[in-house]
Amino acid sequence: MELSGDMKREMYWSMLLARRLDERAWVLHRQGKIAFHISGIGHEAAQIGAAFAIKRGYDWVSPYYRDLALLLAMGYTPRDFMLSLMGKREDPSSGGRQMPSHWSLKSANVISHSAPVATQAVHASGIGLAMKMRGEDKVVLTTIGEGSTSQGEWYEAVNWAAVHKLPVIFLVQNNQFAISVRQDKQMAVKSSADKACGLGLTGVTVDGTNVFEVHRVISELVERARSGEGASVVEARMYRITPHSSDDDDRTYRTREEVEENKKKDALIIARGLLEKEGLLAPKDLDAMEAKAKSIVDDAVQYAEQAAYPDVSEGLYPVYAEEVRHG
Amino acid sequence: MAEMTLIEAIRQGMEEEMARDQSVFIVGEDVGVRGGVFRATMGLYEKFGEERVIDSPLAELSIVGVGIGAALYGMKPICEIQFADFIHPAFNQIVSEAAKMCYRSNGEWTVPMVIRAPYGGGIGGGLYHSQSVEAFYTHVPGLKVVVPSNPRDAKGLLKSAVRDPNPVMFFEPKKGYRLIRGEVPEGEYTTPIGPANVSRSGSDLTVFAYGMMHHYALQAAEKVRAEGIDVEVVDLRTLYPVDQATVLESVKKTGKALIVYEDNLTGGYGAEIAAILAEHAFADLDAPVRRLAGPDVPAVPFSHPLQDWFMISPDKIAAAVRDLAKY
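In order, the protein sequences belong to chains F and Y. So for the first sequence, our numbering puts the first residue at 13; every next one is plus one. So for the second sequence, our numbering puts the first residue at 1133; every next one is plus one.
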């Protein structure tokens, strides 16, 4: 799929909005207004490239906790995100039950996930199996960090998808750290995509800081999956410039110099450069986008701060499907 | 009414549900061409095809995880774990995912699935083909845990489990697969998940049991009848959520309780029944609550004398009944 100028601008806007929301979350944490944040900063190109490569609302997504940009592209709103950060009742993912960034958005076919890593990959294979059983041409995108590809769950999921030629895209966002542990302690291969060949499916590695390149590569894999040619593993590589989460202190395992050096390869800067080169973004457009993002983020924070917490009686349900209450 | 074995009733239940609902499918090891190592799915592959009776890779966590994904997509998987002893790799998927999905997503997502697993000893299976694992799962809100003891209930409960909108653990007493025969009604019926069954009315004391131990409890009750001991037997059937009312009602009548289970004594399911009685039936009790269960060794040993030493038998139950009746 050839990207129009409008679409490229929209992709950049989605990345920018995710970034500004994410940055505000860190500020709110430092202000003591939220208890926890886990960041997707630096991951925006991989996620937006992938989101624009699927048919959103038609295809399915089995995400992981760094997927703020992906979720926003799926229809999750900045207000939703702030509600989740503050544990408010209206949080659409869980009504304040889950920690922030543990997504669920049924209206957009985004399934709920947990904190034990790689469990979501197996669900993606199950969804792919169901799509195949029903003879549909949908695909499922599932995301994960490179550290979590060490889990047996991930191998079992990928193996299932390979054996049954399921329409699943396993997107590995390799940010080079699993909390403090670097890639060379996770795997003996250069890219988690290299694991794919041993399991009998396609594996591709892509520069995860270039949103348009990610989009091009994943679009091809999606079309293959949609036409019955099966699953693939794609690794998008970037650098995690934030600590693992708001509870982590990354000074204990890496230098400031290393982090500063990698900030220069930021996905947002690269995307902006590409758009400017093509004449698709003028300085005034950028200023307008920044102003708009700020006002959206401000609104989201204000909205969530005023929103109600769950009533303690809501802690009791819904344990079973019979107890689900709507509204 | 037709007489059949426990396993024939289970097979008939699955066959009827698959014929009734296209979204029901079976996934597990050797369930297809082979018809299951216990032959529980015999003939279903031929009748419904390889797309609905799926021979999975030899990996239990993904049998369950793929089932969860398919269930999220609207299918109704029946996942077969070949032996309950092999369910442990799937613990994470069952406990972290299936059980918590409804609660954590505030009811957006539910997991309608059945996990069938043959459990229990006395079949020369040694440590790893004899385990009783129900207590691990009766501790987990979000799951329902069912153990049938006879063909009529097995078929009716299985059909209810398939139609239930929640994950249902369905543990089948494998020693009873062909040993336990009984009448099964012609035509359509279901047995509700939840209510226990007073399978034998008596006045002197109550034996609480389920699965194979319930079968033995009825035999033990017959043995002591000639000695003038009138035993009431309660088949718990659904272990979680438990039918507390029936448990308490029976002890109100008899004043004495013996709880029989073949799992290890400590922390086994019977401890919960004992706790319910201690909390809510103290004034009705004429004797201490007794538990008769397997010894606290890791699992059932292989050698025949050792296995017989481990296993609860009708004679051991009868002896415990006599002892309690004397109190």
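Yeah, the Cβ is synthetic: ideal placement off N, Cα and C, and Gly gets one too. A quick note: this is a predicted structure, and the numbers were derived from the prediction, not measured.
The contact set of Y:Y1205 on chain F, defined by CB atoms closer than 8 Å, consists of W72, G138, I139, A142 and M143 in chain order. A contact between stretches requires three or more CB pairs, one per stretch, nearer than 8 Å, and the stretch 1323-1335 of chain Y fails this requirement with the stretch 1151-1158 of chain Y.
CA-to-CA, the gap between Y:P1437 and F:R249 works out to about 60 Å. Under the criterion of beta carbons closer than 8 Å, Y:V1163 and Y:V1196 do not qualify as touching, at roughly 14 Å. Annotation for F:D34: the continuous alpha helix (DSSP H) segment containing it runs G17 to R42.
Under the rule that a run must span 3 or more residues, the beta strand (DSSP E) segments found entirely inside the stretch 1223-1285 of chain Y read 1245-1251 and 1276-1278.
F:T254 is classed as buried because its beta carbon has at least 16 other beta carbons within 10 Å across all chains shown. Under a criterion of Cβ atoms nearer than 8 Å, no residue of chain Y is adjacent to F:T264; the nearest Cβ is some 28 Å distant. For Y:A1230, there are no C-beta contacts with chain F under 7 Å, since the nearest C-beta of that chain is about 10 Å from it. For Y:F1303, the three-state secondary structure derived from DSSP is strand.
Interface residue (Cβ-Cβ distance to chain F less than 8 Å): Y:L1193 is classified as such.
If you draw a 10 Å sphere on the C-beta of F:W72, you find 16 or more other C-beta atoms in it, and that means buried. Sequence-distant partners of F:A300 (beyond 5 residues in either direction) whose C-beta falls short of 6 Å from its own C-beta are missing from its chain. Around Y:R1152, no beta-carbon contact reaches into chain F at under 8 Å, the shortest distance being about 17 Å. Neighbours of Y:T1323 in chain F, taken as residues whose beta carbon is under 9 Å from its own, are absent, since the nearest beta carbon is some 18 Å off. Distance from the CA atom of F:L286 to the CA atom of F:L293, rounded to whole angstroms, is 9 Å. A Cβ of chain Y is located within less than 8 Å of the beta carbon of F:G107. Closest in C-alpha terms to Y:S1331, from the list Y:K1307, Y:L1368 and Y:E1404, comes Y:L1368.
The beta carbon of F:H256 does not come within 8 Å of any beta carbon belonging to chain Y, so the residue lies off that interface. Using a Cβ distance threshold of 8 Å, Y:A1267 and Y:G1175 do not count as a contacting pair. Proximity of Y:V1156 to chain F, defined by a Cβ-Cβ separation below 8 Å, is not satisfied. Contact annotation, Y:G1201 with F:H135: C-beta distance approximately 4 Å; criterion of less than 8 Å satisfied. Assignment of Y:P1209 by DSSP, reduced to helix, strand and coil, places it in the strand class. Y:L1371 sits in a strand when the DSSP states are folded into three classes.
Between Y:M1345 and Y:K1307, the C-beta gap is not smaller than 8 Å, which leaves the two residues out of contact. Looking at the backbone, the Cα of F:A85 and that of F:A47 are separated by about 25 Å. Taking C-beta atoms under 8 Å as the contact rule, Y:E1364 and Y:T1378 fail to qualify, at a distance of about 11 Å. Neighbourhood of Y:G1274 in chain F, by CB distance below 9 Å: V331 and Y332, in chain order. Against F:P128, the close residues of chain Y are N1224 and S1228, in the order they occur along the chain (beta-carbon pairs closer than 7 Å). The straight-line gap separating the alpha-carbon atoms of Y:A1134 and Y:V1356 is approximately 30 Å. Around the CB of F:I66, 16 or more other CB atoms lie within 10 Å, so the residue is classed as buried.
Using a Cβ-Cβ cut-off of 8 Å, F:I60 does not count as an interface residue toward chain Y, since no Cβ of chain Y sits closer than that to its own. Our two residues, Y:K1291 and Y:L1371, have alpha carbons roughly 17 Å apart in a direct line. Of all residues in the stretch 1231-1251 of chain Y, only K1232, M1233, C1234, Y1235, R1236, S1237, N1238, G1239, E1240, W1241, T1242 and P1244 place a beta-carbon less than 8 Å from a beta-carbon of chain F.
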